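Heads up: the sequence shown is residues -22 to -1, 1 to 316, going by mature numbering (1 follows the signal peptide of the UniProt record, and there is no 0). The C-beta atom is built at its ideal place from N, Cα and C for all residues, glycine as well. Bear in mind that the values here come from a model prediction, so they are computed numbers and not experimental data. Okay, so here's the structure we're looking at.
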Amino acid sequence: MANLHHTLSLLLLTLILPLSSPSQLQKQEDPIRIDPYIIDYRNGTVVAATNTITVPPPNDSNVQSKDIEITYSGRPLRARVFLPARPEPSRKIPILVYFHGGAFCIGSPRSELDSRFVARVVAEAHVIALSLDYTLFPNGVVPAPYDDAWAFLKWVAAHRLAAHVPESDPWLARFGDVDRIFVGGDSAGGNIVHNMAIRAGQTGTVGLTGAFLAMPYFLGSSRVGREPDITTSCNFKIWAYVCPNCKAGVDDPVINPFGPGAPSLRDLGCERMLVYVAEVDELRERDLLYYEQVKKSGWPGRIELVEAKGERHVFHILTPDRPATAKLIQDLAKFLNA
């Protein structure tokens, strides 16, 4: 419990400094910490502030899993693949491509908490899931995470003709139903889900059945609803690092779906959406606005909203034993099998 409290404290910690660009911050004498994400030493060196503890692929009575490495569209990609322990040989099951959270700086499909969550979803929903190890800062900056995700989605969808897919995966080829591909993610992963759905709609190259966004990471320069002032929060400050080439800053369309130049939400290339928000989350108001704007956009799909009362950001990852987490997994399982 002490470790859990420590983790929650780190995730909620904010740096009370005026918002600055990385170049401005380097003029200060002390290293800049944006916990739990990065440490900026002001000499051009930026390192992750949190070391992710990884675990082997889980294999038990409910789930089997493995780690894979492939190269597709010229991009080296890694992922953890999860399959029900006893899949029916003659039955194709839905495919869930999942993107972990961590403000594009931390997290991994191989972390204990993320791996445990996806395994529970697979056991509950009886789907095949692939959790992508996308590029994180400081190893790369936006748009690298989106480009990784898009290449991986195209590789998954290409399994319609598995014999022609470079480095095809036998589990995916045998059990995955490419006519039922879902994308899902939490926080930064939820942001990736939105951007993948937009790309799918604009290009028409990947067919998505549904999209699950859990407490998606969206920002903007103007406050919405009863949103608190988040300009001092770690989530706000980190964006200048992970997307240094975004001229519009927090109003860039990839982080602000309502900002200038953002594509119409009518372009979302999926049939159904499930948006999960947490009541005690600084991103709540913006996530609620996202739900409302999608409904008003003219998008022809069906969108659902669930609010977890009394819960905090990414509670389903950080507090796996809470009843609210069990409910989220059940809700997601129903969504994947509807």
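Worksheet item: CB-CB under 7 Å to residue 31, same chain, minus the five flanking residues each way: which ones, in chain order?
Response: 89, 90, listed in sequence order.
Fill in: Under 8 Å between C-beta atoms of residue 253 and residue 191
For the 8 Å CB-CB criterion, residue 253 and residue 191 form a contact.
Discussion item. What does the alpha-carbon distance come out to for the pair residue 213 and residue 67?
Written reply: When rounded, the distance between both Cα atoms is 44 Å.
Discussion item. Rounding to the nearest angstrom, what Cα-Cα distance links residue 286 and residue 316 in this structure?
Written reply: Each residue's alpha carbon lies about 21 Å from the other.
Practice prompt. In the DSSP assignment, find the unbroken beta strand (DSSP E) run with residue 318 in it and report its ends.
Written response: No statement about residue 318 is possible, as the shown extent of the chain runs from -22 to 316 and does not include it.
Worksheet item: Can you tell me the Cα-Cα spacing of residue -6 and residue 210, whole angstroms?
Response: Confidence is the limiting factor: at residue -6 the pLDDT is only 31, short of 50, which leaves the residue's position unreliable and the question unanswerable from this model.
Discussion item. Quick check: the Cα distance between residue 237 and residue 231, rounded to an integer number of angstroms?
Written reply: Looking at the two C-alpha atoms, the distance is approximately 6 Å.
Fill in: residue 5, DSSP secondary structure in three states
Legend: pLDDT at residue 5 = 47, less than 50; position of this residue unreliable, value from coordinates given subsequently. The DSSP-derived three-state label of residue 5 is coil.
Item to complete: Check whether the Cβ atoms of residue 220 and residue 77 lie closer than 8 Å to each other.
Response: Result no, Cβ atoms of residue 220 and residue 77 do not sit closer than 8 Å.
Item to complete: Could you tell me the distance, in whole angstroms, from the CA atom of residue 197 to the CA atom of residue 223?
Response: Cα to Cα, the separation comes out at about 16 Å.
Practice prompt. Give the straight-line distance between the Cα atoms of residue 126 and residue 204, rounded to the nearest whole angstrom.
Written response: Looking at the two C-alpha atoms, the distance is approximately 34 Å.
Discussion item. To test your reading of the DSSP string, which unbroken alpha helix (DSSP H) runs of 4 or more residues are found completely within the region 76 to 137?
Written reply: Counting only unbroken stretches of 4 or more residues, the alpha helix (DSSP H) elements lying wholly within the region 76 to 137 are 90 to 103, 122 to 135, in sequence order.
Worksheet item: Which partner residues does residue 251 have in the DSSP bridge list?
Response: The beta-bridge partner set that DSSP reports for residue 251 consists of 189, 281.
Worksheet item: Apart from the five residues on each side of it in sequence, which residues of its chain come closer than 7 Å, Cβ to Cβ, to residue 258?
Response: Apart from sequence neighbours up to five positions away, the residues of its chain that approach residue 258 with a beta-carbon distance below 7 Å are 288, 289, 290, ordered along the chain.
Practice prompt. For residue 69, name the three-state secondary structure that DSSP assigns.
Written response: Of the three classes helix, strand and coil, the one that applies to residue 69 here is coil, per DSSP.
Worksheet entry | Simplified DSSP state of residue 205, which is helix, strand or coil | In the structure shown, the three-state DSSP call for residue 205 is coil.
Worksheet entry | As assigned by DSSP and simplified to three states, the class of residue 197 | It is coil, neither helix nor strand.
Worksheet item: Can you give, in chain order, each stretch of the alpha helix (DSSP H) that sits fully within the region 205 to 250 and has at least 4 residues?
Response: Every unbroken stretch of the alpha helix (DSSP H) spanning 4 or more residues and falling wholly within the region 205 to 250 is given here in chain order: 212 to 215, 217 to 220.
Discussion item. Short of 6 Å in beta carbon distance, which residues of its chain neighbour residue 277, apart from the five on each side in sequence? Order them along the chain.
Written reply: Closer than 6 Å at the Cβ level, and outside the excluded window around residue 277, lie 243, 244, 246.
Practice prompt. Indicate whether residue 55 and residue 130 have their beta-carbon atoms separated by less than 8 Å.
Written response: Taking 8 Å as the cut-off, the beta carbon of residue 55 is found closer than this to the beta carbon of residue 130.
Discussion item. What does the alpha-carbon distance come out to for the pair residue 133 and residue 45?
Written reply: Their backbone Cα atoms lie some 16 Å apart in a straight line.
Fill in: Span separating the alpha-carbon of residue 261 from that of residue 292
Spanning the two alpha carbons is a distance of roughly 11 Å.
Worksheet item: How is the alpha helix (DSSP H) around residue 316 delimited, first residue to last?
Response: Careful: residue 316 lies outside any alpha helix (DSSP H) and carries neither H nor E.
Worksheet item: Near residue 234, which residues of its chain fall below 7 Å by C-beta distance, leaving aside the five closest residues on each side in sequence?
Response: Cβ neighbours of residue 234 beyond the five flanking positions: 196, 197, 198, 228, 240.
Practice prompt. List the residues that DSSP assigns as beta-bridge partners of residue 49.
Written response: According to DSSP, residue 49 bridges with 54.
Item to complete: Just mark residue 157 as buried or exposed, buried being the case when its beta carbon has 16 or more other beta carbons within 10 Å.
Response: The Cβ neighbour count for residue 157, taken over all protein chains shown within 10 Å, is under 16; the residue is labelled exposed.
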